[in-house]
Structure formats: C-alpha cells, structure tokens
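What follows is a set of notes on a single structure, which appears directly below.
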Amino acid sequence: MRNPQLNKHGELQHLLTLDGLPRNILTAILDTAAPFTEVAEREVKKLPLLRGKSVFNLFFENSTRTRTTFEIAAKRLSADVVNLNINTSSASKGESLLDTVDNLCAMQADMFVVRHAASGAPMLIAQHLQNTGRDHIHVVNAGDGRHAHPTQGLLDMYTIRHFKQDFTGLTVAIVGDVLHSRVARSQIAALTTLGVPEIRVIGPRTLLPTEVERLGVRVFHDMREGLKDVDVVMMLRLQNERMNGALLPTPQEYFKVWGLTAEKLALAKPDAIVLHPGPMNRGVEIDSAVADGTQAVILPQVTFGIAVRMAVMSMLGSH
Amino acid sequence: MNILDAEALCRQLAEQIRPHVTPATALVGIYTGGLWLAERLHKELGITQPLGAIDVSFYRDDYGSKGLHAKPQRTDIPFGVDGAHVILVDDVLYTGRTTRAALNGLFDFGRPAAVELAVLVDRGSRELPIAARYCAHTLAQALPHEQNLELQRDDAGALTLQLTQRA
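Each protein sequence line maps, in turn, to chains B and C.
Okay, so the first sequence: first residue is 1 according to this note's numbering, each after it adds one.
Okay, so the second sequence: first residue is 1001 according to this note's numbering, each after it adds one.
Rendered as structure tokens:
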C-alpha cells in the first residue's frame, strides 16, 4: 500500500502525520517555506497561488493560534477561507463527520484543515475522499487527539534549522507532558527523519508514555540531568484539559520540579534555544524570565508557522 | 551553441543600457540566469541602488498544471519601488510569461515610475505583448520548443549560453 499522504506521482496529497513522511518531502517543505517568510515584510502580503480555491477550516476542537495562522496563510495565498466552528454547527445537531465533509465538498471545497479531538479523524476524511475518487481535495491535519500535529512539528523544525542550520550534530530535549502531546509525537518523528543524533525526553513517569524508548529517544526523569549540554529545549504545554485522574501534584509543585527556569536552562549549552508550541502556562512549565528571555524563540515560531503552512498549502494546492 | 559569446553579449548589453542610467535606476534580476547577468551589469554600470532579485515561482501561470518549482528562492527588493526606474534583467526572452510573472511580483512592492526589460538573447516565440528595451542579440529564427537556451555560470564566474534538449 502506498503512503496515504502521497499521490501516485510521489507528491504530497494530504499532510496527516510526520511519521513515515519521506525525508525529501520534509526537507522540500522546509525549503519551500523559506521564501514565504519574505512575503510578510512586503507592502502587499499576498501571492496568487491559491486564487479561486476554497479552504475550509474544520475545527472540532478549540484553537486560536493554529486556526489563525492557517487562516492567515491561506489568505496570503489568495484562497477563500471559511471557518467552521463545529461546536456551534451541524455536529451538535448529530451530523456525522463524513456527512459534514460531503456537504462541504458539494460547496466546492478544495482543502480541509482539520482539528479533531479524536486521533485519526483527518485520516478518515482523507480515506473517504480517496475512496470516492475526489483526489483534487486535500486534507491538512491541524492536530488530532494525541496522534499528530504535523504543521507544528514542521514549524519547530524550521525554527531549529533557522537558528542551528544543521540537524546532524544536535542534542534536542523534549520536556514535559509527552503522554498527552501530539506535538511531541510529531517532533520526535521529524527530528528522527532529519537525522538528529540524540533526542531526549524529559518528564515525570506519569506523563511519559510507557515504552517511549521505543521511539529511539533517551529518557530522563531528572530535568537537570536531561538538560545538560543540549542545543535545543522543546517545552511542552501541560495539557490540563486532556488529563483525567491524579497524574499530577499541584501546578506549584510541578513548576518546582519540571518548570524551565533560568537556573535549569543554564545547564544546557550557552547558545541553546527554547521552543514552546503555545499557549504557555507561565509559572507551570516555563518561568516568565525564560519565556521572555534572549534564548526563547517562541515568537519566531509563530511567524515561521505562517510560512510553513503557506508552503504546505501551496504544495498541496497545485494538483 | 558556441556562436553566441555570452561574455561579449553581456558587455554589449551594458553599453546599450549605459546612456540611460540615472541615479534612480535600479536593477532586478530574475532567478537564476537573470540574476547572474544583473550582478554583472550592476557592477559594470556602477549602479548605486542596491541590486534586487526576484523569484517568479509564486507568480507563474502554470502553477495549476506544473505545481510549485522545486526550490523557490527568496525574493529581495532592497530599494523603494515607489517612483523607481526599474530594469528587469533576464538571460533569455522567450514566451514573455516569466516577464509577466516578474512584473506582477514587482508591483506587490510598490508603484515604479517605469519598468524596462533587458535580456541577453531574444529567442522569439512570444505569447504575450512583451518586448525588451535592451537586447544584446535576437536570433534570426525562433528556436523550436524542444530546445532550451539558458545562461550558465562556472565556478570561476564565467558566463556561457547553453543550448540543450528539453527533457
């Protein structure tokens, strides 16, 4: 079976996950994103690539940053963008996911940007489109359950490449709630594909998936030990909304042990950069002094995110 | 195709442009060959405005059929376009579609006072109402579509015109 994300010519058909995405495609997305960063500095921030195309943002789960950056990216490519907030629409009246999709296809949708609480929902839509011969319609996963958040992973890779140039000599630490994090899964997949020799995962046992070592990462349960001499620190958001039961002590206790402070960051290399996918819980997983400090690249991540999403959509929209 | 000496044509082109250069003149090279040529002209003519570079991938009219080019480059227009006298520089003028795309891109940066086109070779077969103000050589007979004429630059920086069969 061919990779469901690629068409028969080996081009990107859907972007569902970074797991199994070939290195040449991943690198092509990063390369294509680079010239798009320049568009933001122009007087007219618009390119004609998706003129006449309709992009539907299907958000079954709340999001501000991701939805907004997808919307800006599509608009800068001249697409018509329709935002569907599903909490207030048909799903609450009982319409099934695929019925919603079919209805939007009848409105000449060209691309779906999908966020869903259920892992695999974007894949289900992509398969449905393929089974019904609608190969000209593309799906971009904007985050599904605990599974994947590929554009976040890509923009993180873009950010790392921007500041560190090369992946093959880096030690990268991913810190925090890996268990509930689709971002972490996409990061680990991309870092592995791009040849990062050492990926560390740092967090309490209760917030790391069992057998996480199988992903090829080194596991640390001591933050100070794990941060030693790393080049890149990728913080994760504590996913309060995805937790059930007593996985955690109080936020204050969590911060004391797992919060990134200037004192802990000093253990990393002096030129280490700090990433965070947002939204940040200041004083829980990250201290304000670090979040606003010189090593943080959290706001560049947001800016690069627009260029990366423009690259993905323009690569999909051409066929 | 060795009958065309790219270096000699480049010097001729510079002499054609020279009488028309003013302090408001700015050059914009079209990736890749046009930019190499523009770098030469910029130096040769002592242009004071910084050199611009434009990648037309985002403005091509065949995006819908051919997709995005493999590795688009960063467009860089480092001077104020409003009121500028811009000379677009390309290596070979063919259908005119690249020039059309470059004009579209340029106008997203502002409203130039005037835009002219300078090319090394006009190979004929225009599909749009576009003409070069400065042109070092016009082929007597249009080249067939299967043949590709483009500028190459070797490691020492020497320019040559290469004629190849289109894949």
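For every residue, glycine included, the Cβ atom is placed at its ideal position computed from N, Cα and C.
In this text the structure is predicted, and so the values were computed from the model without any measurement.
In three-state terms, what does DSSP make of C/S1057? Here C/S1057 sits in helix by DSSP.
Using the Cα positions of C/D1061 and B/I125, report the straight-line distance between them to the nearest angstrom. So the two alpha carbons sit approximately 30 Å from each other.
Between which residues of its own chain and B/E213 is the CB-CB distance below 7 Å, once the five residues before and five after are set aside? Same-chain partners within the cutoff: V219.
Limits of the unbroken alpha helix (DSSP H) element including B/H128: From DSSP, the alpha helix (DSSP H) with B/H128 extends over A121 to N131.
Nearest to B/I202 by CA position, among B/R67, B/I188 and B/G195, is which residue? Per the Cα distances, B/I188.
Contact set for C/D1031: own chain, Cβ-Cβ below 6 Å, skip 5 residues either direction: Note that residue 1031 of chain C corresponds to Tyr in the displayed sequence, not to Asp. D1055 and Q1073.
Beta-carbon within less than 7 Å of B/F163's beta-carbon, same chain only, minus the 5 sequence neighbours each way: which residues are those? Same-chain partners within the cutoff: I273 and V297.
In the DSSP output, what is C/Y1134 paired with across the bridge? For C/Y1134, which the question treats as bridged, DSSP gives the partners C/A1118.
If you drop the 5 nearest sequence neighbours on each side, which residues of the same chain put their C-beta closer than 7 Å to that of C/E1150? Correct list, in chain order: G1033, D1091, V1092 and Q1162.
Quick one: is the Cβ of B/G278 within less than 7 Å of any heavy atom of the ligand FAD? Only the bare structure without any ligand can be found here, which leaves the ligand FAD out of the picture.
Which stretch, first to last residue, makes up the alpha helix (DSSP H) that contains B/D31? R23 to F36 is the extent of the alpha helix (DSSP H) around B/D31.
Mind checking who B/M234 pairs with in its DSSP beta bridge? B/M234 is bridged to B/I174 and B/L275.
Output yes if chain C places a C-beta closer than 8 Å to the C-beta of B/E263; else output no. Taking CB atoms only, B/E263 has no neighbour in chain C less than 8 Å away.
Beta strand (DSSP E) containing B/N141: first to last residue? Annotation: the continuous beta strand (DSSP E) that includes B/N141 extends over H138 to D144.
Would you say B/D135 faces chain C, with C-beta separation under 8 Å as the test? Taking Cβ atoms only, chain C never reaches closer than 8 Å to B/D135, which makes this a no.
Would you mind stating whether C/G1110 and C/G1080 have Cβ atoms separated by less than 8 Å? Between C/G1110 and C/G1080, the CB-CB gap stays under 8 Å.
Going residue by residue through the stretch 51-101 of chain B, where are the continuous alpha helix (DSSP H) segments of at least 4 residues, counting only ones entirely within it? For secondary structure counted as the alpha helix (DSSP H) over 4 or more consecutive residues, the stretch 51-101 of chain B holds these complete runs in sequence order: 65-76.
Given a cut-off of 8 Å on the beta-carbon distance, is the pair B/E225 and B/L260 in contact? The answer is no: Cβ separation not under 8 Å.
8 Å Cβ cutoff, C/Q1049 in contact with chain B: False, the Cβ-Cβ gap to chain B never drops below 8 Å.
Out of C/H1085, C/R1126, C/H1042 and C/S1057, state which residue places its alpha-carbon closest to the alpha-carbon of C/A1070. Answer by Cα proximity: C/S1057.
Is it true that the CB of C/A1132 sits closer than 8 Å to the CB of C/L1143? Cβ atoms of C/L1143 and C/A1132: not closer than 8 Å.
Does the beta carbon of C/Y1063 come closer than 8 Å to any beta carbon on chain B? It does: the Cβ of C/Y1063 has a partner Cβ on chain B nearer than 8 Å.
Run through chain B and tell me which residues come within less than 9 Å of C/F1079, C-beta to C-beta. Those within 9 Å of C/F1079 in chain B number zero; the least Cβ separation is about 13 Å.
Rounded to a whole number of angstroms, what is the C-alpha to C-alpha distance between C/A1167 and C/E1146? Spanning the alpha carbons of C/A1167 and C/E1146 requires a straight line of approximately 8 Å.
By the criterion of Cβ-Cβ separation under 7 Å, what are the contact partners of B/P35 in chain C? The CB of B/P35 comes closer than 7 Å to the CB of D1055, P1072, Q1073, R1074 and T1075 in chain C, given here in chain order.
Taking all protein chains shown into account, decide if B/A106 is buried (16 or more other Cβ within 10 angstroms of its Cβ) or exposed. It counts as exposed.
Is the beta carbon of C/T1098 less than 8 Å from the beta carbon of C/R1126? It is not a contact, given that the beta carbons lie outside the stated cut-off.
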